[in-house]
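Below is one structure, written out as structure tokens; the observations come after it.
2 protein chains.
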Amino acid sequence: MSDLSDDPTAPGGTRRRKAATIRDVAQAAGVSTATVSKFINGGQRFTREVEDRLTTVIRELGYVSNPLARGMITGQTGNVGIVILDILNPHFTSLVKGASRVARQAGLNLLFTDAAEGEMPELAMLQALSRRVDGLVVSARLSDASLDWLVQAGPPAVYYGGRTSHPGCFSVGSDNSEAALMLGRHLRDLGHRRIAYVGFSGARWSADRHAGLLRAFEGSGVELRLHDVQAPVPEEGERIASSVLLCSEPPDAVVAYNDLLALGLMSQAQVLGLNVPGDVSVAGFDNIIYSRYTSPALTTVDMGSEAVGAIAMQRLVERIRGEAAGGGHETLIAHVLPRGSTRRRGERA
Amino acid sequence: MSDLSDDPTAPGGTRRRKAATIRDVAQAAGVSTATVSKFINGGQRFTREVEDRLTTVIRELGYVSNPLARGMITGQTGNVGIVILDILNPHFTSLVKGASRVARQAGLNLLFTDAAEGEMPELAMLQALSRRVDGLVVSARLSDASLDWLVQAGPPAVYYGGRTSHPGCFSVGSDNSEAALMLGRHLRDLGHRRIAYVGFSGARWSADRHAGLLRAFEGSGVELRLHDVQAPVPEEGERIASSVLLCSEPPDAVVAYNDLLALGLMSQAQVLGLNVPGDVSVAGFDNIIYSRYTSPALTTVDMGSEAVGAIAMQRLVERIRGEAAGGGHETLIAHVLPRGSTRRRGERA
DNA sequence: TTGTAGGCGTTATCAG
DNA sequence: CTGATAACGCCTACAA
Numbered sequence: 001m002s003d004l005s006d007d008p009t010a011p012g013g014t015r016r017r018k019a020a021t022i023r024d025v026a027q028a029a030g031v032s033t034a035t036v037s038k039f040i041n042g043g044q045r046f047t048r049e050v051e052d053r054l055t056t057v058i059r060e061l062g063y064v065s066n067p068l069a070r071g072m073i074t075g076q077t078g079n080v081g082i083v084i085l086d087i088l089n090p091h092f093t094s095l096v097k098g099a100s101r102v103a104r105q106a107g108l109n110l111l112f113t114d115a116a117e118g119e120m121p122e123l124a125m126l127q128a129l130s131r132r133v134d135g136l137v138v139s140a141r142l143s144d145a146s147l148d149w150l151v152q153a154g155p156p157a158v159y160y161g162g163r164t165s166h167p168g169c170f171s172v173g174s175d176n177s178e179a180a181l182m183l184g185r186h187l188r189d190l191g192h193r194r195i196a197y198v199g200f201s202g203a204r205w206s207a208d209r210h211a212g213l214l215r216a217f218e219g220s221g222v223e224l225r226l227h228d229v230q231a232p233v234p235e236e237g238e239r240i241a242s243s244v245l246l247c248s249e250p251p252d253a254v255v256a257y258n259d260l261l262a263l264g265l266m267s268q269a270q271v272l273g274l275n276v277p278g279d280v281s282v283a284g285f286d287n288i289i290y291s292r293y294t295s296p297a298l299t300t301v302d303m304g305s306e307a308v309g310a311i312a313m314q315r316l317v318e319r320i321r322g323e324a325a326g327g328g329h330e331t332l333i334a335h336v337l338p339r340g341s342t343r344r345r346g347e348r349a
Numbered sequence: 001m002s003d004l005s006d007d008p009t010a011p012g013g014t015r016r017r018k019a020a021t022i023r024d025v026a027q028a029a030g031v032s033t034a035t036v037s038k039f040i041n042g043g044q045r046f047t048r049e050v051e052d053r054l055t056t057v058i059r060e061l062g063y064v065s066n067p068l069a070r071g072m073i074t075g076q077t078g079n080v081g082i083v084i085l086d087i088l089n090p091h092f093t094s095l096v097k098g099a100s101r102v103a104r105q106a107g108l109n110l111l112f113t114d115a116a117e118g119e120m121p122e123l124a125m126l127q128a129l130s131r132r133v134d135g136l137v138v139s140a141r142l143s144d145a146s147l148d149w150l151v152q153a154g155p156p157a158v159y160y161g162g163r164t165s166h167p168g169c170f171s172v173g174s175d176n177s178e179a180a181l182m183l184g185r186h187l188r189d190l191g192h193r194r195i196a197y198v199g200f201s202g203a204r205w206s207a208d209r210h211a212g213l214l215r216a217f218e219g220s221g222v223e224l225r226l227h228d229v230q231a232p233v234p235e236e237g238e239r240i241a242s243s244v245l246l247c248s249e250p251p252d253a254v255v256a257y258n259d260l261l262a263l264g265l266m267s268q269a270q271v272l273g274l275n276v277p278g279d280v281s282v283a284g285f286d287n288i289i290y291s292r293y294t295s296p297a298l299t300t301v302d303m304g305s306e307a308v309g310a311i312a313m314q315r316l317v318e319r320i321r322g323e324a325a326g327g328g329h330e331t332l333i334a335h336v337l338p339r340g341s342t343r344r345r346g347e348r349a
């Protein structure tokens, strides 16, 4: 195996060639390192001659300033971190997409952490991460100990997904209770009387969504039953489907904690011989892309996942730059998207 | 708004308290910084007294070593980068999941870059990224200029998705042509005679998959038509559906470049009044999670997305540690997953 | 406009 | 076992 390395004894292939430093550039251009530094960082004018020489030399040497060394002086890493619960959940995927775009536009690199992979204690993970970033976008669904530490000793942070109990925090998210209220009213207006909510108690938002449904059905005589799964994934929806749907007085509508669960529920309902929405309506939350491509298409609530990610990162960038206006919670409006999986009771296709 | 900051004039909320340095620890414990450093990094024994004092002081001060400063001297950042094409595509999401898990286990942070967000030139993005990481997992679908630079001047890299033309490179991926060959044989064996391939010429793999289909149908009298879309997304599948399916001699099977396209195609086929698989079979690639939850469930080819991500990162970690055995390409076996969207011609439900 | 020099926090070397 | 000290590459007063 041949390569272009300086060091042919490099193990396992090409060893990285030692990169040019600011001193190499200074020497080659016949100026001081300070001049090079100012040239790189802009904001000063130079002799035509110096400018030309520097431009040439820098290109020839392929010089790129070392972010670590720079960071030591400026105290800025040029990185921001994002901590999410599970990248396989399209809701978080969209969140990352939005955050990633804004970070990129701000010239910041994104340090990604999937908390679902956590063998490491959450707090230790946050502490390790925090020294490598200028700020953090994190899920509000962290332990109180982690949140306390973050607020007191951590880098600037923006929380997504819910209002935190800490004052002075920045957070952004959709109102889960309100979203569920709207979905509940939609179902009530369609004439449903017996509704099952398949929640995921491992998520804080699940209780909010349940509460919203309760509000929607308050005094309307609608019966709301509560189920719970171990994880917000399609497999769990499939698993719990029979016990939700085949009981003695089966529900005429099922609301799932999220679209993934709803996908599994709907699929298994059809396997069990039920017609959706003829026999039972199904609805979820998050408006993941795939909810459009089931048959029937899944009624869901758009929680603005990508926008939440983008806004959270936008606020973080502002905080890092010292432009932030103060703490507080920003709430996005959720939208119910009625689709084929919910239908008025009494109607037939 | 009140906070616990040292500096009440901090803009936009809490300013990060200046973290304890190794010198603070040394002074408080009455030892030298060198001793503290060795204590932190292990691999040496100490007096019981020193050990106790250091343990105490470090905890009290909450000291965590500064990764930037350490990186300057060790030459290691403790970060690895991953460059993918579009995180919204579940294939890449799984890839990141696998890579993330392995990186975490190796104690490395993951710097994530979504190339689809690229206003910045690809090469510039890579150069900026490369100084911040010890290694890179990147898509082989980069421009030749980028690959050249990466091989010559970049950090250790592992390419996923295809064999690169550069010798001495590490790459890992599934064999697209072989995968398509298997899928093609499956369709041929089911008795299909007129097959449409909806490719995405923007991806290198698409040509490989087309070639695999051609091999499968060689000399069998099966007709293979080629279509092309602008992006590998469901919307494009929907858009092209009518022109693929409603022509004068419509195909009896459609193979899409990936599952996302297939989802859109299948959905729109049903809107157009066609029965899948009765009138036309549909199949895709990647085995994204959602392909199980369409109706009918989508026949697809499992390309081992998450495993590819994990293996790529595993090889990268080995290279970084100098344990790598040499360059080369690692090929994963793809599996055809026959599901409800493909059915033998002549059979009826 | 340009140069000099000090220091950011850590590790590695070498001496005690 | 422990300590003093020189780097690592860069930025930033301050001086010229």
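Protein chains in written order, with the UniProt record's numbering: chain A, 1 to 349; chain B, 1 to 349. By construction, the Cβ of each residue, glycine as well, lies at the ideal position given by its N, Cα and C atoms.
Per DSSP, threonine 35 of chain A lies in no beta strand (DSSP E) segment; the continuous alpha helix (DSSP H) that holds it begins and ends at 33-41. Residues of the segment 209-241 of chain B that bring their beta carbon within less than 8 angstroms of a beta carbon in chain A comprise Pro234, in sequence order.
Between glutamate 238 of chain A and serine 267 of chain A, the C-beta spacing is below 8 angstroms. DSSP places histidine 192 of chain A outside both helix and strand once states are collapsed to three, so it counts as coil. Nearest C-alpha to arginine 163 of chain A among A:Asn176, A:Tyr197, A:Gly154 and A:Gln152: A:Asn176.
Against chain A, the beta carbon of methionine 72 of chain B has neighbours under 9 angstroms at Asn66, Leu68, Ala69 and Met72, listed in chain order.
Here the segment 219-234 of chain B does not lie against the segment 276-293 of chain B, with fewer than 3 beta-carbon pairs under 8 angstroms apart. Rounded to the nearest whole angstrom, the CA to CA distance from serine 32 of chain B to glycine 328 of chain A is 45 angstroms.
Measuring C-alpha to C-alpha distances from glutamate 218 of chain A to each of A:Gly184, A:Pro234 and A:Gly199 identifies A:Gly184 as the nearest. Taking a contact as a CB-CB distance under 8 angstroms, the pair serine 130 of chain A and proline 167 of chain A does not count as one, their CB atoms being some 21 angstroms apart. Taking a cut-off of 8 angstroms for Cβ pairs, the segment 68-85 of chain A and the segment 114-129 of chain A touch, as three or more such pairs fall below it. Under DSSP, valine 83 of chain B shares a beta bridge with B:Thr113 and B:Val138. DSSP places aspartate 228 of chain B in the strand class (E or B) of the three-state scheme. When the alpha-carbon of leucine 263 of chain A is set against those of A:Ser243, A:Thr300 and A:Cys247, the nearest one is in A:Thr300. Contact holds between the segment 96-113 of chain A and the segment 312-327 of chain A, because three or more Cβ pairs, one in each stretch, are under 8 angstroms apart. In this structure arginine 194 of chain B is in contact with proline 251 of chain B, their Cβ atoms being roughly 5 angstroms apart against a cut-off of 8 angstroms.
Against isoleucine 333 of chain A, chain B offers no close residue; the least beta-carbon distance is about 23 angstroms (beta-carbon pairs closer than 9 angstroms). In this structure, alanine 256 of chain A lies near leucine 265 of chain A, with their beta-carbon atoms less than 8 angstroms apart.
The C-alpha of leucine 187 of chain B lies about 40 angstroms from the C-alpha of glycine 304 of chain A. DSSP, read as helix, strand or coil, puts glycine 199 of chain B in strand. Fewer than three pairs of CB atoms, one per stretch, sit closer than 8 angstroms, so the segment 68-76 of chain A makes no contact with the segment 276-283 of chain A. For phenylalanine 92 of chain B, the secondary structure class from DSSP, reduced to helix, strand or coil, is helix. Sequence-distant Cβ neighbours of aspartate 24 of chain B in its own chain, meaning closer than 8 angstroms and more than five residues away, are Leu61 and Tyr63. For the C-beta of asparagine 275 of chain B, not a single chain A residue is nearer than 9 angstroms; the gap to the nearest is close to 12 angstroms.
Neighbourhood of alanine 312 of chain B in chain A, by CB distance below 8 angstroms: empty, with the nearest CB roughly 15 angstroms away. Rounded to the nearest whole angstrom, the C-alpha separation of glycine 199 of chain A and glutamate 236 of chain A is 11 angstroms. The C-beta of lysine 18 of chain A has fewer than 16 other C-beta atoms within 10 Å across all chains shown, which makes the residue exposed. The three-state reading of DSSP puts aspartate 302 of chain A in strand, counting E and B together. For lysine 97 of chain A, the C-beta contacts it makes with chain B under 9 angstroms involve Asp86, Ile87, Leu88, Asp114, Ala116 and Glu117, in order along the chain. The continuous stretches of beta strand (DSSP E) do not include glutamate 60 of chain A, which lies in the alpha helix (DSSP H) extending over residues 48-61.
Across the segment 124-141 of chain A, CB contacts with chain B closer than 8 angstroms involve Gln127, Ala128, Leu129, Arg131 and Arg132, in sequence order along the chain. In this chain, valine 64 of chain B is not harboured by any alpha helix (DSSP H), its DSSP state being neither H nor E. One Cα belongs to alanine 269 of chain B, the other to leucine 260 of chain B, and the distance between them is close to 14 angstroms. At a cut-off of 8 angstroms between beta-carbon atoms, serine 267 of chain B makes contact with chain A. For a Cβ distance threshold of 9 angstroms, nothing in chain B lies close to arginine 48 of chain A: the least Cβ distance comes to about 26 angstroms. Ranked by Cα distance from valine 308 of chain B, the options B:Ser206, B:His91 and B:Leu123 are led by B:His91.
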